[in-house]
Each structure stands twice: as C-alpha cells, then as structure tokens.
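Take a look at the structure below.
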Amino acid sequence: MSSNDTGLESSLSSLNVNGGAPKQAYVPPHMRKSMSATPAAPPPGPAPSARPAAGGAGGFGGAARTGGGGFGGGSAFAGRDGYGVWRDGKHQPGPSNQRLEKELFGDLGDVTKQQTGINFDAYADIPVEATGTDVPEPVTEFLPPIDAHLLENIKLAHYKTPTPVQKYSVPIVNGGRDLMACAQTGSGKTGGFLFPILSALFTYGPRANPAADAGRGYGRNRKAYPTALVLAPTRELVSQIHEEARKFAYRSWVHPAVVYGGADIGSQLRQLDMGCDLLSATPGRLVDLMERGRISMANVRYLVLDEADRMLDMGFEPQIRRIVQQADMPDVMDRQTLMFSATFPREIQMLARDFLKDYIFLSVGRVGSTSENITQKIEYVEDEDKRSVLLDILFALPPGGLTLVFVETKRMADMLEGFLAQNNFQATSIHGDRTQREREYALETFRSGRTPVMVATAVAARGLDIPNVTHVVNYDLPSDIDDYVHRIGRTGRAGNTGAATAFFNRGNRNIVRELIELLREAKQDVPAWLESVSSESGGFGGRGGGGGRGGRGRGPSRDVRSGGFGGGASSRMGGGGFSSGGGAGGWGPAGGAAGSAGGFGPPRTGGGSYGGYGGAPAGGASYGGGSSAWY
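In terms of our numbering, the sequence shown is residues 1230 to 1860.
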C-alpha cells in the first residue's frame, strides 16, 4: 500500500464498490475474432472535460492569475473552450464553441442525446404531491426567473417542457428550501437539481474562499472549494451527472468536476486544479481526497444526495456522515440539502432528520412502483432453458432499439456475452470487475448502437440514463423487489414506451407477492400461473414481514414525518390541475416575508425563517428569508 492510500479506499476497492481493476485487461468476446487480423483499437479514456489547460479557475484559494474579478473565473483562458467569466459582479458568458456544442448537445434527433419521448405529454396526468410548509406553486415552462444563460443551454439540449419533478424542484430549490424528492426512474431528476443550482450560481456568482486560505496560490497542495456537491453511489452515475453539468454549464463561469474510485487519482487531481465549482463524486473517493487535503467542504452551499437509498444500502453511510457532519461542511442551517431517489422507505426518511431542515417532501407518481409506460411480461423459464428463450426474444425484436439483459453474477455476464457473440449478436457486458475504461467503452458502444445488446450486473441497474433502451430482460431476477423496479426503469424513460421481460421460476418465489403487487399497480397482466405460485409460497412474502435486506420495505409514497407540520401545506397536481394548501406567491430570489419552519417530528413552536437568496425586487417571492448572507 502506498503512503497516499487510505485504509478506507483500499477497503472500498477490494469490495469493488467504487472501483477495483482486474489483474489483466479484458477483451470483449465480439472483438476477439478479429484480433489476430486487425488489432482492436484500445478503449478510449474518459472524455476530457473541455476546460482550460492552466489559469485561475473558480473554486480555489488565491486570486486568479489574470483577468481581474477576484476568485472564480478570472482565468487567462476565460472565453476559451466553452467557459465564461465572472467579472465586476456580472456573469459574462464565453463565446460559442461549435465543436464542443455538438459534443455536448448533439443534433436534433440524435438518439444518444435525446431528451424527450413520444409519450412525454402523458406526464401531465402523473399525480404529484408536495407536502411541507409554504409549498411554492409549480412552474409550467422554462422561463425567467431561471437565468437567461441557463435558458439558452436548456434550449440547446432540446428540452421543451419541464417534467413534473422539475416543475416543483426548480421553485423549491430557488426559494432556498431543502427537498426530499421521490420520483420514478427517468423523470428528469438530474435536471431537477442542476437547473436551480446553476441558475443561482449564474445569477449570484462565486463566493470568496475562507480567509485562512485566501493567500494560497497554485501547486501541488492547492485545495478545491466546490460550491455545489453531488454525491452518488456509482462511478457511472457520477460521470453521467458530470456530463449533464458540463452541458448546462456550457459557456458559463462554473467549472464542473468529477471524482470517483477505480480511476487514476492523478488525472482527477489535475482536473481539480483547473476548476471545481460543481463537484460530482462517489463517497469513497471524496473522503480520500478530503483526507489528502485536496478538497474542502467549507464553501458548499448546495449538497445533493442522488440515489440516496442505494448509497445507504451499499454501506456508504459512514462516508456520507464523514463528509457532511465530521468535516468542514457548513451546518444544515447554512446550506441547502436535496435528496433524490426513486424510493425512500420510511427508515431512509427518518435518517433525513440529520441532513435536512424544514424540507418539502415531493412525491411524483407511485413511489417504489413501476411506470405504466413499460409493458411488463413474466415468463416461466427454468434455468437450463434461459439461453434459448433469450435468443427467441432477441431474434423477434425490431432493429434499431437497445436491449439490456440483467444477470446476477459477473461470471454469468461474461458467459452470456460470449454466448450471444457466438450466435452473431453484437453484444457487450458491464460489471464490477471491469476497469473504468472498459466500462466506459462498453457503455459508449451500447449507447451508439454498435453493440445493441448489453449484459449487465447490478452495477448498471441504477441511475444510468441510456436513451433508446427499448427492452429490458431480467435473465436472472433479483431477490430484492426494489432492484427489479430500478432494472426495468432503464426503459420507458422520460415518457418513452418500453418493454420488460422477466424469466421467473420457483427459485424466485421470495419476491412473487411483491411482483404481483407491482404488476397490478402498473395495470399489467398477471399470469394465472404466477398467482398459483404465490398461493403455493406460503411463507414467501417478500420483505413486508421483515424479509429481504434488513427488513426494509419499499416504503410509502407519502411524507412520514411524525407529528406533521405546524400548519403545514400540501400541494397536489394531477391531470393538469393544481390545488394548494398554502402555496407561496410566485418564485424567484427571496425578498419577501420569511417562511415559518415546519420542523421534523412534532411541530416546532415559534417557527423561524430560512433564507433563500436576497436581492429580490419589490413584489418578489413571498417565501424565503431574504438574506443575502450566502453570497
């Protein structure tokens, strides 16, 4: 172990939680046939973040080298490579970069960059419930007070209408409120937190770094001070969030950065040296960099926990608490904290007491259920027949779509990929033993359609947004119904329709009752034979009676805070209608009356004001604290 390695990082690496490279390079089966004739090109490295090669980027101690304007964006390279500058108290976007623009946004109709689907209008009928004090009215369009530069980038990304989670999260976050959002997979959660955070950063600019580090310059011990931190469980998900951040921060002063395990830490340190205003990170690698003194949490004003339930399920709670509670991160009262996930069981909601203040609970659609956009089919298939049934399914699929096949073990992923290649299917696979470059290469060939079939273990089951996945096959059903929900959620995203087929046999009896419940909730056909297996199962009841992972159920789709809110509000939107039990008037930088604190547990007495952003003109938002202390 090198002197720079920590026991925590080594432990995580050995568990393949955040990485861990195999002993030898992996060659996908579909590439092996041609290796003797033409050497395969090596998988490309991670896509470079198009940022300056040097210069004073935002988020660091010390003044910028040139350009004036103090911290954050006074780079000598301002205006180049897709970045702008914050100067004289104003945001000055950089010039357009056609090459980078095409890389980030693609062309209209590019399936690898698509953002909306044929059934997107159906989202208008999805029920939405927001509970808490002073719930703001939802927005219905991408319009001011969203920052004008962000609106340009949203237009470049071909976003037309906010998704339900975005309609609520944008005004909630903009008003300075904490948020716990439960939304179905593919509902636009990433935009739901990036849009309001970036809008505020573009409007109010960077913050000064702590006085103790104000004189620090450049070099090996330079420390990054991100303003926004996004934590997510897997390197694929943080990479995906980072790419979205690059997209919507295009031509702005904000420099996104990403760190995760399983990749060269030296290259990540060099990336941090060139700018770190919005950081996407896995918990293990972030703790490592904090212990090395290379990242400080002192300037964090926005903390986002994405896929929060899965991070806790994967054992990241100690690292999360180390980052949030035991370092130099501002107190819960001095930052905004947002939790996003497809499921929030009661136990996870109760943990929110330590991370959130006076939060709004947002439930979009059926939390913990599956989308009606996905046609689900359950086939009874014995283990020895699975390969032939899979071939039948793949042969019957129309061309042009992508098929994701989920298995339970890495060995099966390798074997099934090889089997498909032998049967002339262009297939790839992804699992925890792949190096980061191999995983990125597999995802790139799958997204582009060069290998339209991908075999995956649970590593790809959460958070990955891969457009044009038309079919998901659960070759091996998971033992946890939540995992089934998230697996099939890889299709039917953003309003698109999709199909999901599951191979079931009596070895899967432990989830049969919850599976039937999910099928009924999503208005899917329940085979008679599946009902028979359920009646045979007797004691097999899934996790409702304490089975499964830690006895945790899928959880309610409502706010479970005991004691309710002190005169709290509940807002509902469904079928285009909206009723409010105390919504705020308008939204934008707060400048009106302060909202009272509802509290977690028994209603608080006396309330208290939680500030949003100051500086609102007369007649601005009627909630938030009006304090400009954050900026």
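Don't be surprised by glycine CBs; every beta carbon is placed ideally from N, CA and C.
In chain order, T1632, L1649, F1654 and V1682 place their CB closer than 8 Å to the CB of L1623, counting only its own chain and leaving out the 5 sequence neighbours on each side. At least 9 Å separates the beta-carbon of S1468 from that of Y1454. When the five nearest sequence neighbours on each side are left out, the beta carbons in the same chain lying within less than 7 Å of the beta carbon of E1601 are those of A1751 and K1752, in order along the chain. Taken through DSSP and simplified to helix, strand or coil, Y1531 comes out as strand.
Spatial neighbours of H1471 in its own chain (CB-CB distance under 8 Å, excluding positions within 5 residues in sequence) are listed in chain order as S1278, P1485, A1486, V1487 and S1509. Annotated three-state conformation of N1438 is coil, per DSSP. The C-alpha of L1329 lies about 7 Å from the C-alpha of G1311. Between the alpha carbons of I1401 and I1426 lies a distance of about 11 Å. Here Y1609 carries a strand assignment [DSSP, helix/strand/coil].
A straight-line Cα-Cα distance of about 43 Å links M1543 and R1316. Residue state for R1451 is assigned as coil, using DSSP reduced to three classes. By the neighbour-count definition (other C-beta atoms within 10 Å, threshold 16), A1377 is an exposed residue.
E1669 is classed as buried because its beta carbon has at least 16 other beta carbons within 10 Å across all chains shown. Boundaries around I1659 are those of the beta strand (DSSP E), A1656 to I1659, since no alpha helix (DSSP H) includes it. In the three-state reduction of the DSSP assignment, N1703 falls in the strand class, which pools E and B.
Rounded to the nearest whole angstrom, the CA to CA distance from L1466 to Q1665 is 12 Å. Within the same chain, and ignoring the five residues on either side of V1684 in sequence, the residues whose Cβ sits closer than 7 Å to its Cβ are V1634, V1636, A1642, L1645, E1646, A1656 and S1658.
Here the alpha carbon of H1320 sits roughly 22 Å from the alpha carbon of F1334. For G1318, the closest of A1437, P1393 and L1372 by C-alpha to C-alpha distance is A1437. E1332 carries a helical assignment under DSSP once its states are collapsed to helix, strand and coil. Secondary structure at L1498: helix, using DSSP grouped into helix, strand and coil. Distance from the CA atom of F1584 to the CA atom of V1483, rounded to whole angstroms, is 26 Å.
Taken atom to atom, the span from the alpha-carbon of Y1704 to that of P1628 is near 21 Å.
Cα atoms of T1369 and I1577: separation of roughly 30 Å, rounded to the nearest angstrom. Beta-bridge analysis with DSSP links M1568 to M1409 and L1534. When DSSP states are grouped into helix, strand and coil, E1358 belongs to the strand group. Spatial neighbours of N1326 in its own chain (CB-CB distance under 6 Å, excluding positions within 5 residues in sequence) are listed in chain order as G1311. A direct Cα-to-Cα measurement between D1517 and K1452 gives close to 13 Å. Boundaries for H1320: no alpha helix (DSSP H) harbours it, while the beta strand (DSSP E) harbouring it runs K1319 to Q1321, taken from the DSSP string. Take N1528, set aside five residues on each side of it, and the residues of its chain with a beta-carbon closer than 6 Å to its own are R1436, Y1454 and T1456, in chain order. The Cβ atoms of S1592 and D1363 lie no closer than 9 Å to each other. Distance check between G1630 and each of D1612, L1423 and N1697 places N1697 closest, using alpha-carbon atoms only. Bounds of the beta strand (DSSP E) holding A1731 are G1727 to F1733. The closest CA to that of V1610, considering only V1702, E1520 and Q1497, is found on V1702.
Inter-residue distance for P1439 and L1458 is about 17 Å (C-alpha atoms, whole angstroms). If only uninterrupted alpha helix (DSSP H) runs of at least 4 residues are considered, those enclosed by the segment 1368-1424 are 1377-1385 and 1393-1403.
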